[in-house]
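No gaps in the numbering here: position 51 of the sequence shown is 51 in full-length UniProt numbering, and each next residue is one more.
C-beta atoms are modelled at their ideal positions from N, C-alpha and C, and glycine is treated no differently.
Since the model is a prediction, treat every value here as computed from it, not as a measurement.
One structure below.
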Amino acid sequence: MSSTTIIIIVAVAVIWAILFVVFMKFNKNRQAGEQQFVQENANKAILHIYGKSVKVDGKDLSTIDHKTGQYGQVIVALTPGEHTIESVYYTTDNVGTKTKNVETQPVTITIPLQAGNEYNAAMYFYSAEQRNAYYKGDVDDAVLEVELELESGFTANTHAYIIVYRECK
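The following block contains the structure:
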């Protein structure tokens, strides 16, 4: 190997190591921020929304106390009671050897929330009942399920579901 090749390999390895450390620190800070947000709002309902263009009770996120979670989800702390959430949900689907991104139009749901609980709202290709059967009952409590129709041929699945789970502690 020439010295130029060795220098390039070493430079790439050093850059990779530096970026690895930076991103690990970034993820650790995001995770700590998420935990702190949940602790500070222990008297409220915490909702993790795996979507984008989120509105809560008709208000943009800019007017609501929220946090970005370690997986990119939007986390909001809400008072107990019913809240209307509008979001564009997305996920990926494997079609043969290809992966396709699936995205909804804005979907509006109304969720009953209880203080001191954490909830997750996301898009799935299987119903809460199917998930419960697959995991033999070892799942969180499904609070709300909205079935969506998908365009034929777009993905291998013809249905998708927006499901809100309450985490079991």
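By the Cβ test, the stretch 78-92 is in contact with the stretch 115-125, since at least three Cβ pairs between them sit closer than 8 Å. DSSP places Ala122 in the uninterrupted beta strand (DSSP E) bounded by 118-124. DSSP lists Val164 as the bridge partner or partners of Leu144. Annotation for Tyr134: no beta strand (DSSP E) segment contains it, though the alpha helix (DSSP H) segment containing it runs 128-134. Straight through space, the alpha carbons of Trp16 and Asp57 are spaced by roughly 43 Å. In the structure shown, Thr4 adopts helical secondary structure according to DSSP, grouped into three states.
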